[in-house]
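In our numbering, the protein residues as written are 970 to 1542.
Where is the CB? At the ideal position from N, CA and C, for every residue including glycine.
This one's a predicted model, so the numbers in the text were calculated from it and none came from an experiment.
Comments concern the structure below.
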């Protein structure tokens, strides 16, 4: 947790000011019992109203100062802790933005959300407590102990016995709780994961009872761990109060004997009792708040895991500039790739080349590696062996920004962002004019339905584009990619929700309008790929055929089987 405190450096002046204000507050509170002892010994016992009035006004002034500095320290502590939480949240978000698919797969989306929200909130809240009570408590305890020893060293011996006992009890109980809190955060991840799957999943399977039981089991497991942790801490409170009352009883007992022996003044005894209570109450409050530390430590570790994770995909130091040319070439040079680096390749010995104006289709069975090829081109993952060359330059030698700026990509799942159709299209290119956006909509066969909306291109898009059908979302996603002036356009099974007529029109429009770029289409339907310049057939991570539709029907068994399963004899002939 304390490694995160390096992000507090920019607020060091405010933190020093908070420390000063808390110091002043503790000094004021420690001054009160001494003033009260003078009221008793010099005023009440001597019936001197003048001394009582003077000391009473002093007490009032001390209280006012204590209240003012306390309010300011609370305000500044709140500001610093909120800014601290904001800074960590910003850094985590920026870090996650730089993650490749490999890092996101490692943590899981649900866990990353929990770390960015719940875990950072835990650390932020504890930071506020540290800046307030966890500084004030020890300061009051140390100051009170020094003054108590000055008042009466023999009575102070009682405190020197009580405080270590309190420390030992807290250590024994706290160390047990830390282990449990580290497990709680993982179980919270599981609850969030199940909730997310259930909310984003399809309910048509009629598995509500199963999902309820699954969630209930995870929720009960989390509840049991939380209850166990707080049961441990529940033991701490009565034990601390027991030590507190025994300490108070001992102070009054031995102090009254010293008053009776005339070796201690009544006012000093009252002051000593107050100092003793201040010390014990400050320590008790400190240790009760200390109960939140284990949970915050667990949360901080999880945040640090994200912040300290090295990127698996990085730009090299001496990057090369992508050659700016009207002619574009893309080459896979004996590329192999493994998702898990287990030695078994998910893609093996991939070799093909394409250039500007080519429409290349990739087809194959489920899990054959079609989408993996596109993921390697965008560097969502890096190749394990071999090279991918863009205009003769290894894509590892150019910056990720330059690479992705040259690609217009439409993923398998159509993703729309909340806002408007216009704002979604401008994700492709912020500087896009209305004419370019209109052209992209027309090519994607989306112009007709968009222009029919009440607000046209400025129509509202809900989160995830849920106010549009699957086909409409796909066409808008395609439009967004086409708005961008790219060297390569990649469509990862992006026509699956389109009817045959719209699919045919869209492909014809792409062929007509995209002439100076490479078009890569991953498809499941033979009708979506059969008119491509070249078709790559994938099977179990290998290329088993490259050619035109007619060539592959004659010499590629895998392609012929796919075609036979989808086309009639008449269409095949």
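Quick one: using the 10 Å Cβ neighbour count with 16 as the cut-off for buried, is residue 1129 buried or exposed? Exposed.
Taking the Cβ atom as the reference point for each residue, do residue 1008 and residue 1021 lie within a distance shorter than 8 Å? Yes, these two residues count as a Cβ contact at 8 Å.
Chain-order list of residues whose beta-carbon lies under 7 Å from that of residue 1477 (same chain, five-residue window excluded): Within the same chain, no residue comes within 7 Å of residue 1477 by CB-CB distance, once the 5 residues on both sides are set aside.
Selection from 1508, 1537, 1412 that minimises the alpha carbon distance to residue 1525: Distances from the alpha-carbon of residue 1525 to those of 1508, 1537, 1412 put 1508 closest.
Alpha carbon of residue 1518 to alpha carbon of residue 1294, nearest angstrom: Their Cα atoms are separated by approximately 30 Å.
DSSP three-state label for residue 1317, please. Three-state result, residue 1317: strand.
May I ask you to report which of helix, strand or coil DSSP gives residue 1290? In the structure shown, residue 1290 sits in coil (DSSP, three-state: anything other than H, G, I, E or B).
Residue 1120 burial status per 10 Å Cβ neighbour count (16 or more: buried): Buried.
Same chain, Cβ closer than 8 Å to residue 1052, neighbours up to 5 away in sequence not counted: Cβ within range, chain order: 980.
Just to confirm, are residue 1091 and residue 972 a CB contact at a threshold of 8 Å? Result no, Cβ atoms of residue 1091 and residue 972 do not sit closer than 8 Å.
Can you check the stretch 1406-1446 for any alpha helix (DSSP H) of at least 4 residues that lies completely inside it and give the ranges in chain order? Segments of the alpha helix (DSSP H) lying fully in the stretch 1406-1446: 1416-1420.
If you run the structure through DSSP and keep just helix, strand and coil, what is residue 1310? Secondary structure at residue 1310: coil, using DSSP grouped into helix, strand and coil.
Taking the Cβ atom as the reference point for each residue, do residue 1340 and residue 1491 lie within a distance shorter than 8 Å? The answer is yes: Cβ separation under 8 Å.
For a test of the three-state rule: what should DSSP assign to residue 1454, helix, strand or coil? In this structure, residue 1454 counts as coil in the three-state DSSP scheme.
Using 8 Å for Cβ pairs, my map puts residue 1306 next to residue 1314. What's the rounded Cβ distance? In this structure, residue 1306 and residue 1314 form a Cβ contact; the two beta carbons are roughly 6 Å apart against a cut-off of 8 Å.
If we count the other Cβ atoms within 10 Å of its Cβ and call it buried at 16 or more, is residue 1019 buried or exposed? Exposure of residue 1019 is indicated by the presence of fewer than 16 other C-beta atoms within 10 angstroms of its C-beta.
Does the distance from the C-beta atom of residue 1258 to that of residue 1112 stay below 8 Å? Residue 1112 sits away from residue 1258, with the two beta carbons spaced by 8 Å or more.
CA nearest to the CA of residue 922, picked from 1238, 1140, 1127: Beyond the ends of the chain as shown, which are 970 and 1542, falls residue 922; an answer cannot be given.
Can you tell me which of the three DSSP states residue 1219 falls into? In the structure shown, residue 1219 sits in a helix (DSSP, three-state: H, G or I).
Which whole runs of the alpha helix (DSSP H) in the stretch 1199-1274 are 4 residues long or more, in chain order? Within the stretch 1199-1274, the complete alpha helix (DSSP H) segments of 4 residues or longer fall at 1235-1259, listed in chain order.
Grouping DSSP H, G and I as helix and E and B as strand, with all else coil, what is residue 1322? Strand.
Using only CA atoms, which one of 1063, 987, 1027 lies nearest to residue 1104? Measuring from the Cα of residue 1104, the nearest candidate turns out to be 987.
Starting from residue 1373 and walking both ways along the beta strand (DSSP E), at which residues does that stretch end? In the DSSP annotation of this structure, residue 1373 is not part of any beta strand (DSSP E); the continuous alpha helix (DSSP H) holding it starts and ends at 1369-1374.
Just list the beta strand (DSSP E) runs in the stretch 1049-1101, keeping only unbroken ones of 3 residues or longer that don't cross its boundaries, in chain order. Uninterrupted beta strand (DSSP E) stretches at least 3 residues long and entirely within the stretch 1049-1101 do not occur.
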